[in-house]
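Student:
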Amino acid sequence: MDNRPIGVMDSGLGGLSVVRVIQQELPNEEVIFVGDQGHFPYGTKDPAEVRGLALSIGSFLQRNDVKMMIIACNTATAAALPALQDKLPVPVIGVIEPGARAALVQDKKGAIGVIATTATINSGAYPAAIENLAPGTPVITQATQPMVKVVERGQTGTSTAQEVVDEQLAPFKDQPIKTLIMGCTHFPFLAPEISRTLGKTVTLVDPAKETVATAKKWLEDHQSLGNHVHPQYYLYSTGNLADLQAGVNKWLLSGKFRLEIAEIKEGD
Ligand code: DGL
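When you line the sequence shown up against this note's numbering, it's residues 31 to 298, in that order.
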């Protein structure tokens, strides 16, 4: 048993889609979440800059004595997973390999689509992970960076959100897919809009579920599960607490939350 918290990070509110799954699947765990709104977005930044930011957040989480870190951000996973695994003395889990695995278990014939930030698509991390697990699988990738801001601005469920999603997913009209990996942690909050655009025949894959399953298995295998009856969720933003509060109200299950601003700079 290990009652230390699980550390989770994202560039913003998207990581809450992973915290929500932790609430469901690991209900006795405490969480320290950092939403790096002060440096949002990551998806348009250079990978070296994203790596620097992710390493600083890793140090912050380590100072807060986490037992594991989940990079709840595809862009940061693509840019910094090995660097964080090297630096931290605790296990570090990313979302891309679990996302690829989750798409492949669908076992549908046809291409797998991937939507993600510009940086994640440019990294080639998803096609590489899929090729590694199932060589020869056709993959169609599409950078859909404008969808990130829709979520961060709290516009999910609006006509603006639907318009942006329709426009961003238009390339899939000519390139049919059977499965779509939502390769940015902001996108599961747009799942209703994405489904309306692509139709019911396309299965949407949220990497969060497989990511949290991977974390749970490691904690079980290492006798490191927590046993908090009423776990505390420590939620930090490097930017805007009001936006973080709005995201918590909209997307998380009920729980004991403490929201605070964290000062984290590159190089910390
Ligand atoms: N939510 C992040 C991801 O999964 C990044 C979004 C952004 O900051 O551009 O890639």
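Just so you know, even glycine gets a beta-carbon here, dropped at the ideal spot from N, CA and C.
Quantities reported herein were computed from a predicted structural model and do not represent experimental measurements.
Got a sec, what are the start and stop residues for the alpha helix (DSSP H) residue 273 sits in?
Tutor: Looking at the DSSP string, the run of the alpha helix (DSSP H) that includes residue 273 is 271–281.
Student: For the beta strand (DSSP E) holding residue 266, just list the boundary residues, first then last.
Tutor: 262–267
Student: Round the Cβ separation of residue 56 and residue 84 to the nearest angstrom and send it over; I've been treating them as touching at under 8 Å.
Tutor: Between residue 84 and residue 56 the Cβ distance is about 22 Å, and since that is not below 8 Å, they are no contact.
Student: For a test of the three-state rule: what should DSSP assign to residue 172, helix, strand or coil?
Tutor: Residue state, collapsed to three classes: strand.
Student: Hey, is the region 35–54 in contact with the region 274–282, meaning 3+ C-beta pairs nearer than 8 Å?
Tutor: Judged by Cβ distances under 8 Å, the region 35–54 makes contact with the region 274–282, as three or more pairs qualify.
Student: Kindly examine ligand 1 and report whether one of its heavy atoms sits closer than 7 Å to the Cβ of residue 219.
Tutor: no
Student: What alpha helix (DSSP H) runs, 4 residues minimum, are completely inside the region 132–160?
Tutor: Runs of the alpha helix (DSSP H) inside the region 132–160: 148–153.
Student: So residue 88 is in the alpha helix (DSSP H); what residue range does that whole segment cover?
Tutor: 77–93
Student: For residue 75, count neighbouring C-beta atoms within 10 Å of its own C-beta (all shown protein chains included) and say buried if the count is 16 or more, exposed if not.
Tutor: buried
Student: Please name the residue, chosen from 78, 31, 102 and 71, that lies closest to residue 64 on a Cα-to-Cα basis.
Tutor: 102
Student: Is it right to say residue 278 is buried, meaning 16 or more other beta carbons lie within 10 angstroms of its own, or is it exposed?
Tutor: buried
Student: Verify whether the separation of the beta carbon atoms of residue 149 and residue 109 is less than 8 Å.
Tutor: yes
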